[in-house]
Structure formats: C-alpha cells, structure tokens
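*Asks:*
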Amino acid sequence: NTRLRRDWSSNVCSSDLTIEILHFLNNKLTIIITTFNRYVYLKRLLEFFSQSDSEFRIIVLDSSSHDLNDKELIQLLNQANVQHKQYPSEIFIGEKICDGASSVETPYSVLCADDDFLIPSSLIKCCDFLDRNQDYISAHGVYFFHRILNDTDKTISWHVLYPTSRSNEKVSPLARLKY
Numbered sequence: 033n034t035r036l037r038r039d040w041s042s043n044v045c046s047s048d049l050t051i052e053i054l055h056f057l058n059n060k061l062t063i064i065i066t067t068f069n070r071y072v073y074l075k076r077l078l079e080f081f082s083q084s085d086s087e088f089r090i091i092v093l094d095s096s097s098h099d100l101n102d103k104e105l106i107q108l109l110n111q112a113n114v115q116h117k118q119y120p121s122e123i124f125i126g127e128k129i130c131d132g133a134s135s136v137e138t139p140y141s142v143l144c145a146d147d148d149f150l151i152p153s154s155l156i157k158c159c160d161f162l163d164r165n166q167d168y169i170s171a172h173g174v175y176f177f178h179r180i181l182n183d184t185d186k187t188i189s190w191h192v193l194y195p196t197s198r199s200n201e202k203v204s205p206l207a208r209l210k211y
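Under my numbering, the first residue of the sequence shown carries the number 33, and numbering increases by one thereafter.
(1) From W190 to P152, what does the alpha carbon distance come to, in whole angstroms?
(2) Identify every run of the beta strand (DSSP E) within the region 158 to 195, keeping only runs that are complete inside it and at least 3 residues long; order them along the chain.
(3) Establish whether the CB of S95 and some CB of chain C are separated by less than 7 Å.
(4) Who are the near neighbours of G173 in its chain, counting only those whose CB is closer than 6 Å to its CB and skipping five residues on each side?
(5) Take the Cβ of V203 as the centre, count every other Cβ of all protein chains shown within 10 Å, and call the residue buried at 16 or more, exposed below.
(6) Apply the 10 Å Cβ neighbour rule to G132 and answer buried if 16 or more other Cβ atoms are within range, or exposed otherwise.
(7) Quick one, are the C-beta atoms of V72 and I90 less than 7 Å apart?
(8) Nearest CA to the CA of L109: which residue from R179, L78, N69 and T138?
(9) One question on the structure: do L93 and K128 come within less than 7 Å of each other, judged by their Cβ atoms?
Right, dumping it as structure tokens:
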C-alpha cells in the first residue's frame with residue numbers, strides 16, 4: 033500500500049506533468065459518474081477532482097430520492113465543467129447511463145460510481161493507448177478493491193480485483209472470453 037501511494041504521488045504530483053495530464057484530459061475525456069442516494073461519496077469524489085486543479089468534463093447522473101441540501105455539494109455540482117443530470121429515482125440504471133453517454137462530446141469517456149477514484153495518470157495512459165491503437169475500443173488500468181480491517185489503527189486490506197496478467201488480444205472472440 034505504501035508503494036502504491038508513493039508511485040501515485042510521483043506520477044501525478046510533479047507540476048509540469050500534472051499540467052500536461054490535465055490539459056490532455058480536459059480535451060479528450062469525459063468522466064460519467066452515477067449516483068443514487070450517496071451524496072457523501074459524490075461530494076468526496078467531486079472534491080477530489082476539484083482539488084486536482086483540473087477542468088475534467090464531468091457528467092453526474094443522479095437518480096437520488098433524497099433532497100440535495102448540502103451547500104458545498106451544490107457548489108461542486110454547479111462548476112462550469114460539471115453537468116448535473118437529475119432523473120426519477122425509479123429509472124433503470126441502463127437508461128440513465130445511455131442518456132448520460134449521449135451528452136459526451138469528447139473522444140473518450142469513463143464510467144465510474146460515486147465511490148470510485150480514478151487516478152489521472154492512469155486515465156492519460158489509457159487515452160494515449162487508444163490514440164495510438166485505433167483498432168482498440170476500450171482500455172482500463174488496474175482495479176483495486178480495498179476495505180478497512182481495523183477501525184482503530186485504520187488497517188487497510190487491498191487486492192487487485194481483475195486479472196492483470198492475461199491478454200485479450202486473441203484473434204478469436206471465443207478465445208478472448210476464456211481466461
């Protein structure tokens with residue numbers, strides 16, 4: 033976990049690299065965030081992006097049944113780079129995602145839940161890969177799952193959720209389905 037933190041900060045916190053990454057992503061990528069009755073997580077995620085001094089294009093797909101009363105979250109949702117789309121709470125999530133995706137104006141988009149965190153250096157690597165490999169339609173980085181094991185000392189357990197050593201570059205679609 034310490035190594036991960038160190039790698040992330042060394043890749044993202046250099047001011048020249050950060051400016052280059054942010055400029056690239058501002059013009060290439062839209063982040064679509066789904067939320068349902070989890071304004072605490074949505075606020076945390078939007079604060080994360082706003083503290084990165086980025087102008088990411090963000091579309092929030094919100095079907096919450098709870099009233100939005102948090103003034104700080106309302107300010108975050110009213111930023112110029114954020115489009116807050118509200119839906120009835122009973123909407124089918126697929127319909128909500130399709131509608132949100134139709135608003136994307138950048139070449140690439142990424143879908144995440146309100147409790148996910150996307151690392152800017154990973155996003156730029158995926159966009160760069162797709163730019164260089166026009167025959168691919170998607171790319172993703174490493175996906176980690178974590179949980180707090182001990183509330184007292186904040187011990188965290190994490191592991192890679194998806195396999196990272198297997199390739200999906202087989203010619204046959206059937207072969208790609210078999211790991």
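Beta carbons: idealized from backbone N, C-alpha and C, even for Gly.
*Replies:* According to the data block:
(1) Numbered from 1 along the sequence shown, position 158 holds the residue referred to as residue 190. Numbered from 1 along the sequence shown, position 120 holds the residue referred to as residue 152. If you take the alpha carbons of W190 and P152, they lie about 20 Å apart.
(2) 176 to 182 and 187 to 192
(3) You won't find chain C in this structure, because it holds only one protein chain.
(4) Sequence index remark: in the sequence shown, residue 173 carries index 141 (1-based). Same-chain partners within the cutoff: S154.
(5) Reading the sequence shown from its first residue, position 171 is the one you call residue 203. Counting Cβ neighbours within 10 Å, V203 comes out exposed, since fewer than 16 surround it.
(6) Within the sequence shown, residue 132 is the residue found at index 100, counting from 1. Result: buried.
(7) Your numbering for residue 72 matches position 40 in the sequence shown. Your numbering for residue 90 matches position 58 in the sequence shown. Their beta carbons are not under 7 Å apart, which means V72 does not touch I90 by this criterion.
(8) Counting from 1 along the sequence shown, the entry for residue 109 is found at position 77. If we check each option's Cα against that of L109, L78 comes out closest.
(9) Taking the first residue of the sequence shown as 1, we reach residue 93 at position 61. Taking the first residue of the sequence shown as 1, we reach residue 128 at position 96. Yes, the pair counts as a contact, with Cβ atoms nearer than the cut-off.
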